[in-house]
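So the sequence lines, in the order shown, correspond to chains A and B. This note's numbering puts the last residue of the first sequence at 314; the count rises by one with no breaks. This note's numbering puts the last residue of the second sequence at 628; the count rises by one with no breaks. Note that beta-carbon positions come from the ideal geometry of N, C-alpha and C, so glycine has one too. Before any comments, here is the structure.
There are 2 protein chains.
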Amino acid sequence: MHIYKREQIAAKVKLDSAALEAVEAGFAALGRDEVAMPPILSMNIAESNGEVDVKTAHIRGWLRFAVKISPGFFDNPALGLPSLNGLMLLFSAKTGVVDAVLFDEGYLTDIRTALAGAIAAKHLAREDAQRVAVIGAGVQAELQVAALRLVRDIREVHVHSRDASKAEAYAVHMRNQYGLTVTVHNSAAAACAEADIVVTTTPSREPVLRWSDLPKGVHVTAMGSDNPHKNELEPTILASADVLVVDRLSQSRALGELHHAPALQREVFELGSLIAEGRKARSSAEQITVCDLTGTGVQDTAIANYAARLLEEV
Amino acid sequence: MHIYKREQIAAKVKLDSAALEAVEAGFAALGRDEVAMPPILSMNIAESNGEVDVKTAHIRGWLRFAVKISPGFFDNPALGLPSLNGLMLLFSAKTGVVDAVLFDEGYLTDIRTALAGAIAAKHLAREDAQRVAVIGAGVQAELQVAALRLVRDIREVHVHSRDASKAEAYAVHMRNQYGLTVTVHNSAAAACAEADIVVTTTPSREPVLRWSDLPKGVHVTAMGSDNPHKNELEPTILASADVLVVDRLSQSRALGELHHAPALQREVFELGSLIAEGRKARSSAEQITVCDLTGTGVQDTAIANYAARLLEEV
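Take a look at the structure:
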């Protein structure tokens, strides 16, 4: 059995095309119905403002499956610790024996989450998309943009955050780190006005994006909501979008954006099905496409296998 | 972070009164409604005749909670490997940081499962119980009897197993290991005829015990069923017992004996509630008491904390 620490993992696994292909293969397998993926195990620890989620999936024919344990303890910053944490374990899919423990402290979750946003944009955004609006200014606000650069020629970032000082710091960092043109806006509407791609990356419990904020031809990825209380998109967006996609229907209904639009009657695609079928969901440059990402166990099994392969290379 | 292997854990954690008290404290907390315990995560891996279960629970006020991952791969014996496996992880209940990993390979599950049987008998069997009937001849057939010795003056074991040669081997082992009088029977009815306590320890999908097999005054613990397909007790037993107890109602209904008696209308106690309230459920020496155990996350959190305390002692 091999045990790997965050530093070792981060030295090998990067936001690059190979990692994107690994996660995309997981979505495609899901779309081909080749994946066993039970509902998420979720426990609240109210006394510490904490929660722990466990996700898993097995892709038929793969030699190993991952189980990921993700604690989120939201009073940690006051203790000088990050809120998010966790590890992934790889088990033999033939014997159930533990094969590797990846003490990634949430690093691989950050990566596979950002890559899912890139995969959504790859299949849904206009080919010529250059301008990204980002709502929120945390870790994913950076990583989503970094991952989008793998699939589109991103030039400009337009950011809005409730916390203006965080947005300013984000802008400085993104200019220095990626050489992007970054503009801070004082509203989501202003940030989105000329966007080709919008990514919402907040833990908001109230919509941060309205239908009226969205220009023609935009693609929207909402990646913040992962529990029943969180909600980033006004339900009108789900109803009015030309194309609506989710990572997993059952999860989006239970803890994603669909949870806040229970009466919605329309066609909803799963991202994996679009990939598996090679279907072009966007049929014109004017259409508005929307993808809700809740985070799936198949991404964890895909990225953990990918990480282990890199770590095991001699 | 500390990592412990099976040998280290088995050297410290024994089937003794201290371990029993630790698990009983977990049940009592559950009975006082002081436990967060989400439904079990369960995934099947059909291509390898395997499954993986994840259980967790947090006891309010405790410093650490456990997450247990239990793979069961039932073609393993043909490969020279045990079917059951797994590990427990202890996390800080304040920060979510991993504190210890117990690579116990299912050892602690065996222990806490046997102790739950002893705890059920402690609270439900007659004080003068001496004769145990055991249905099945596997690991739990031994450990349930060993654990019962902590709470009752067990003298005789009456065993029945579908596989007669396993029952004979079991009898030899139990005589040598524990100095017990052990008799092998060719039916469950014969094994139970004069029993004070009956324990069913099988993975059967058909009842192994009939109401007509049970003598007056007996206590029955059914610990084998832990998925919707398994079933050890004829539903009449659940309907006719004077006292019916389960470890967790929601679990017994979903994957225990209550799953096979959906129309049952009667009072059902949870074991933890009896303990928490100090209630004597048995009111006469003639009553028949029944307890269905499905295995709960609170037992895992209790035994993992207990094990870690012993392992951390200098």
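Residue i and residue j: beta carbons closer than 8 Å?
i: residue 390/B; j: residue 397/B; result: yes
i: residue 209/A; j: residue 8/A; result: no
i: residue 271/A; j: residue 291/A; result: yes
i: residue 516/B; j: residue 449/B; result: yes
i: residue 20/A; j: residue 141/A; result: no
i: residue 25/A; j: residue 63/A; result: no
i: residue 502/B; j: residue 529/B; result: no
i: residue 42/A; j: residue 53/A; result: yes
i: residue 90/A; j: residue 104/A; result: no
i: residue 67/A; j: residue 307/A; result: no
i: residue 243/A; j: residue 289/A; result: yes
i: residue 386/B; j: residue 364/B; result: yes
In whole angstroms, what separates the C-alpha of residue i from that of residue j?
i: residue 150/A; j: residue 392/B; result: 46 Å
i: residue 325/B; j: residue 416/B; result: 13 Å
i: residue 248/A; j: residue 294/A; result: 8 Å
i: residue 74/A; j: residue 527/B; result: 55 Å
i: residue 358/B; j: residue 87/A; result: 22 Å
i: residue 485/B; j: residue 276/A; result: 57 Å
i: residue 360/B; j: residue 163/A; result: 49 Å
i: residue 600/B; j: residue 372/B; result: 38 Å
i: residue 3/A; j: residue 65/A; result: 16 Å
i: residue 712/B; j: residue 581/B; result: The structure shown does not extend to residue 712/B, since chain B spans only 315 to 628, so no value can be given for it.
i: residue 211/A; j: residue 623/B; result: 55 Å
i: residue 442/B; j: residue 619/B; result: 32 Å
i: residue 220/A; j: residue 420/B; result: 46 Å
i: residue 329/B; j: residue 425/B; result: 6 Å
i: residue 504/B; j: residue 498/B; result: 9 Å
i: residue 204/A; j: residue 225/A; result: 8 Å
i: residue 583/B; j: residue 186/A; result: 58 Å
i: residue 576/B; j: residue 349/B; result: 26 Å
i: residue 17/A; j: residue 161/A; result: 29 Å
i: residue 207/A; j: residue 131/A; result: 22 Å
i: residue 541/B; j: residue 570/B; result: 6 Å
i: residue 354/B; j: residue 80/A; result: 33 Å
i: residue 60/A; j: residue 6/A; result: 28 Å
i: residue 29/A; j: residue 299/A; result: 11 Å
i: residue 85/A; j: residue 550/B; result: 49 Å
i: residue 574/B; j: residue 490/B; result: 38 Å
i: residue 351/B; j: residue 27/A; result: 30 Å
i: residue 422/B; j: residue 537/B; result: 16 Å
Does any C-beta atom of chain E lie closer than 8 Å to the C-beta of residue i?
i: residue 94/A; result: No chain E appears in the structure shown, which is made up of the protein chains A and B.
Which residues does DSSP pair with residue i in a beta bridge?
i: residue 50/A; result: 45/A and 73/A
i: residue 341/B; result: Paired residue(s): none; residue 341/B is not in a bridge.
i: residue 88/A; result: 68/A and 102/A
i: residue 606/B; result: 536/B and 560/B
i: residue 369/B; result: 382/B
i: residue 318/B; result: 416/B
i: residue 133/A; result: 158/A and 198/A
i: residue 496/B; result: 471/B
i: residue 35/A; result: 59/A
i: residue 523/B; result: 547/B
i: residue 627/B; result: Answer is none; residue 627/B lacks a bridge partner.
i: residue 584/B; result: 560/B
Compute the beta-carbon to beta-carbon distance between residue i and residue j, rounded to the nearest angstrom, for a pair I have assumed lies under 8 Å.
i: residue 611/B; j: residue 427/B; result: The Cβ separation is near 13 Å, so there is no contact.
i: residue 133/A; j: residue 195/A; result: 4 Å
i: residue 124/A; j: residue 198/A; result: 12 Å between Cβ atoms; not a contact.
i: residue 457/B; j: residue 471/B; result: Between residue 471/B and residue 457/B the Cβ distance is about 13 Å, and since that is not below 8 Å, they are no contact.
i: residue 139/A; j: residue 159/A; result: Incorrect: roughly 14 Å between the Cβ atoms, too far for contact.
i: residue 337/B; j: residue 430/B; result: 6 Å
i: residue 121/A; j: residue 152/A; result: 6 Å
i: residue 217/A; j: residue 279/A; result: Contact doesn't hold; Cβ gap of about 19 Å is too wide.
i: residue 258/A; j: residue 238/A; result: 7 Å
contact_flag[the region 557-569 of chain B, the region 448-465 of chain B] where n(CB pairs < 8 Å) is 3 or more: Counting C-beta pairs closer than 8 Å gives fewer than three between the region 557-569 of chain B and the region 448-465 of chain B, which falls short of the contact rule.
Three or more C-beta pairs below 8 Å linking the region 223-236 of chain A and the region 161-169 of chain A: no
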